[in-house]
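K.L.:
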Amino acid sequence: MDFAFSRRGLMQGAAAVGGALAAASAASAGSIAHVREARHPGWVFGRMTGAEALCAALLAENVGCVYGIPGAQENELWDTFKEKGIPYLLVTHEFSAACMADGYARSTGKPGVLCVVPGPGVTNSLTGLGEALLDSSPLVAIVGDVANGEKAKPFQVHALNQVDLLKPVCKCVYQVQTVAQIAAAVRQAFVTATQGEPGPVAVVVPYNLFIEAHDFRTPPPAIPAPPFDDAAFERALPLLADKKHRVGIYAGAGCMEYGTELAAVAELLQAPVATSVSGRGVVSDSHPLAVGWGFGPHASAVAETVFAGEKKHPLKSGVDTLLAIGVKFSEVSTGYYGNPQPKHVIHVDANPCNLGRILKTDVCVHADAGTFLGRLLACGDTLRRAEDKWLVNHIRTLKADAAKELCNIPQPKCGVDPLATVAALRKVLPADAMLFTDVSATEHLAAEHFRVCQSRTYFNPVDNQAMGWSVPAALGAQRVHYGKTVATLTGDGCLLMSAMEITTAAREHLPVKFVILDDQAYHYMQMLQKPAYLRTTATILTRLDYKALAQAFGVAFVEVTSHADLEPKLRGAVCHDGPVLVRVLTDYSTRKVRWVDAVRARYTKELTAAQKARFLARIGSRAIQLEKKND
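Residue numbers for the sequence shown, in mature numbering (1 follows the signal peptide of the UniProt record, and there is no 0): -29 to -1, 1 to 602.
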């Protein structure tokens, strides 16, 4: 079966896959001549129930864990998980199931699996699936459905249209109609989730099919060759070989498996390497050519300075030719599309629908990042440039200056500067520790200042900005990385979205360190509202007793209220052998955030004259009011 999916060119449910699944069903009842082939590894072979066939397909994919909550329609399947030895993790909410599967996928590079019941199980999971879709994370969602065929009745419980609910947040939805299709649909879902631009795929199975039996002879799915546009590659080579123009690399999550090749290409071209938020860690921040996140005014100051260069000095020029690989230039990563337009742009991506959408592009190359990088390395004699000692020294100096800033963070009046927490976490966490950030002003501080040493160790809910993502995502990763330290960097508002999942950490002895920045407010919204409206609305949160909360959850508790306590107490939490809730009393009052300032400036610039006048008039009126109503 050959499926070519764009991110938003979604499959139209069963109609788009019915033919492929019907063909697999026919093959399943093949002749005796196929029996010997069927005994080869990777086949789902033999007489079994639908639930057993689904489990056989999961076992063939070496699934590390299934996240979810059982329900009446899926008890047969969950019992079979136990019978067949498939690891599973009970969660408190299906949003968490999707986020845990996402954390698994991002930390391993393999599809994460969730299993939810129809109706509320599906609707609860949609936010997490949407995050995976927009952030290009491969998931496989096993979704129960109401009975079909002779078992179907009117007004069944959970009788929503599961397929139509899932389409907007999935790369593809497979609707199984017969028991014979189950194994083929599940196996194909893993291929679809990982080919081209990764994303979530759902397999919808009516519950009555789980107990039906069938003689399965289902072969492994065909794996399509990675895309590669030879003609476009040849057009890109002269731009990269032109030594009059400095090349800069902007790498996204599409390069995550190819960090070694990416670093080699950077050295070949003597090109500084910046990344998207999702691409953090693809090249270690310790690499001499690594400059951090982004290359505009919203992101890393080091990257912005290096990419801009000094226009009056020919030997200190900025980037003329941008080589963007495995990246989309999304709104968050570009600070509301604030990256400057380089003179030349080469855009490489496995999804042709992503190419050339934001920046004016000279050459669009539809190609797998690994294949493209490998071909560049094969052209080393043509592309190799002399070592640029000035560039390397320039980057080293800028990094050293940025590091000094982290060593001299003043103590605010009422707690801890959030940047101090970011800096202290880097000091106390091992190099291979995994950090899951969440939707807050601090996510941008961490993206810029938290030094990432290895790939698949820094994670952020980027393009759906799903608050509360970090807690379950970290648990999903910890479940399959027992020997690694896993921590979250979570605002108190985000914690309210998924706090009950900490009970899962206690029950399953998952030693995640939940670092909570507590300022009793949605500070991110306050930063956006206050300059525009001279007041805040619906941003004040309840003051929680975190010690009592930790005790109720059954996890250890640490409280930090000053810079003096920050590093030693965080180090103690990291050394603890169980889950820990760390409350950091946080004061944002003196901390500017580059991303917020840059986005505000860009947004204001795009307002019409009439819109600007209306805002200014309102601000002027409110400025003279004696009482400012904030809540």
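Quick reminder that beta carbons are idealized off the backbone N, C-alpha and C, glycines included.
With a threshold of 7 angstroms on Cβ separation, who are the neighbours of Y574 within its own chain once the five nearest residues in sequence on each side are excluded?
P.N.:
Position 603 of the sequence shown, counting from 1, holds the residue named residue 574. For Y574, where only same-chain residues beyond five positions count, the Cβ hits under 7 angstroms are Y307.
K.L.:
Check each candidate in G549, Y559, P482 and name the one with the smallest Cα separation from P383.
P.N.:
In the sequence shown, residue 383 corresponds to position 412, counting from 1. The option with the nearest alpha carbon to P383 is Y559.
K.L.:
Considering only their Cβ atoms, is the gap separating A234 from V254 smaller than 8 angstroms?
P.N.:
Along the sequence shown, read from residue 1 onward, the residue named residue 254 stands at position 283. Along the sequence shown, read from residue 1 onward, the residue named residue 234 stands at position 263. In this structure, A234 lies closer than 8 angstroms to V254 by Cβ.
K.L.:
Does the separation of the CB atoms of L552 and V399 fall below 8 angstroms?
P.N.:
Residue mapping note: residue 552 aligns to position 581 of the sequence shown, counting from 1. Residue mapping note: residue 399 aligns to position 428 of the sequence shown, counting from 1. Taking 8 angstroms as the Cβ cut-off, L552 and V399 do not qualify as a contacting pair.
K.L.:
Have a look at L29 and D200 and give me their C-alpha separation to the nearest angstrom.
P.N.:
In the sequence shown, the residue the question calls residue 29 occupies position 58. In the sequence shown, the residue the question calls residue 200 occupies position 229. Approximately 33 angstroms between the Cα atoms of the pair.
K.L.:
Going by alpha carbons, who is nearest to T20 out of L293, A184, E414, L260?
P.N.:
Here residue 20 refers to the residue found at position 49 when the sequence shown is read from its first residue. With distances taken between Cα atoms, T20 lies closest to A184.
K.L.:
Please state if the CB of L556 and the CB of T353 are separated by a distance shorter than 8 angstroms.
P.N.:
Position 382 of the sequence shown, counted from the first residue, corresponds to residue 353. Position 585 of the sequence shown, counted from the first residue, corresponds to residue 556. Contact flag unset, no.
K.L.:
Just tell me which of Y229, F266, G225 has its CA closest to the CA of P243.
P.N.:
As a first step, residue 243 is located in the sequence shown; it is residue number 272 there, counting from the start. Per the Cα distances, F266.
K.L.:
Kindly give me the distance between the Cβ atoms of V290 and G219, rounded to whole angstroms, as I take these residues to be in contact under 8 angstroms.
P.N.:
Taking the sequence shown and counting its residues from 1, the one referred to as residue 290 is at position 319. Taking the sequence shown and counting its residues from 1, the one referred to as residue 219 is at position 248. Indeed they touch by this definition, with Cβ atoms about 3 angstroms apart.
K.L.:
Sorted by chain position, which residues of the same chain lie with C-beta nearer than 7 angstroms to V545's C-beta, five sequence neighbours on each side aside?
P.N.:
Walking along the sequence shown from the start, residue 545 turns up at place 574. Contacts found: V399, L400, T456, K484.
K.L.:
Using CA atoms only, rank isn't needed, just tell me which of F126, D536, G170, K287 is closest to D359.
P.N.:
Locating residue 359 in the sequence shown gives position 388, counting from the first residue. The candidate whose alpha carbon is nearest that of D359 is K287.
K.L.:
Buried or exposed: which applies to P313, given that a residue is buried once 16 or more other Cβ atoms fall within 10 Å of its Cβ?
P.N.:
Here residue 313 corresponds to residue number 342 of the sequence shown, with the count starting at 1. Buried is the call here.
K.L.:
Pick out the complete alpha helix (DSSP H) segments inside the stretch 509 to 539, 4 residues or longer, and give them in chain order.
P.N.:
Those alpha helix (DSSP H) runs which fall completely within the stretch 509 to 539 and span 4+ residues are 517 to 524.
K.L.:
Sort D116, N322, S107, H216 by Cα distance to V93 and report the nearest one.
P.N.:
The count along the sequence shown starts at 1 and reaches residue 93 at position 122. The shortest C-alpha separation from V93 is found at D116.
K.L.:
Among L377, C26, I317, whose alpha-carbon lies nearest the alpha-carbon of F187?
P.N.:
Here residue 187 refers to the residue found at position 216 when the sequence shown is read from its first residue. Nearest of L377, C26, I317 to F187, Cα basis: C26.
K.L.:
Looking only at C-alpha atoms, which of G386, A391, L362, I366 sits nearest to E376?
P.N.:
Within the sequence shown, residue 376 is the residue found at index 405, counting from 1. Selected option, being the one with the closest Cα: A391.
K.L.:
In chain order, what residues of the same chain have a beta carbon less than 6 angstroms from the beta carbon of A340, not counting five sequence neighbours either side?
P.N.:
On the sequence shown, position 369 is the one that residue 340 refers to. Excluding sequence neighbours, A340 sits near G225, C226, Y229, I296, G297.
K.L.:
Between which two residues does the alpha helix (DSSP H) holding L240 run?
P.N.:
Stepping through the sequence shown from its first residue, residue 240 is reached at position 269. Per DSSP, L240 belongs to the alpha helix (DSSP H) from 230 to 240.
K.L.:
How about G252 and R450: do their beta carbons lie closer than 8 angstroms?
P.N.:
As a position in the sequence shown, residue 252 is number 281, starting the count at 1. As a position in the sequence shown, residue 450 is number 479, starting the count at 1. Contact flag unset, no.
K.L.:
Short of 7 angstroms in beta carbon distance, which residues of its chain neighbour E281, apart from the five on each side in sequence? Order them along the chain.
P.N.:
Working through the sequence shown from its first residue, we reach residue 281 at position 310. These residues qualify, in order along the chain: K287.
K.L.:
Given a cut-off of 8 angstroms, decide if I487 and P550 are closer than it, judged by their beta-carbon atoms.
P.N.:
Residue 550 sits at position 579 when you count from the first residue of the sequence shown. Residue 487 sits at position 516 when you count from the first residue of the sequence shown. Contact: no.
K.L.:
Decide if F126 is buried, meaning its Cβ has at least 16 other Cβ atoms within 10 Å, or exposed.
P.N.:
As a first step, residue 126 is located in the sequence shown; it is residue number 155 there, counting from the start. Exposed: under 16 other Cβ atoms inside 10 Å.
K.L.:
Could you tell me the boundaries of the beta strand (DSSP E) in which Q146 lies?
P.N.:
By 1-based counting over the sequence shown, the position of residue 146 is 175. Here the beta strand (DSSP E) through Q146 covers 143 to 146.
K.L.:
Return the first residue and the last residue of the beta strand (DSSP E) that C86 is part of.
P.N.:
Position 115 of the sequence shown, counted from the start, is the residue given in the question as residue 86. Looking at the DSSP string, the run of the beta strand (DSSP E) that includes C86 is 83 to 87.
K.L.:
Considering just the uninterrupted stretch of the alpha helix (DSSP H) at Y59, what are its terminal residues?
P.N.:
Here the question's residue 59 lines up with position 88 in the sequence shown. First-last for Y59: 59 to 61, but that is the beta strand (DSSP E), not the alpha helix (DSSP H).
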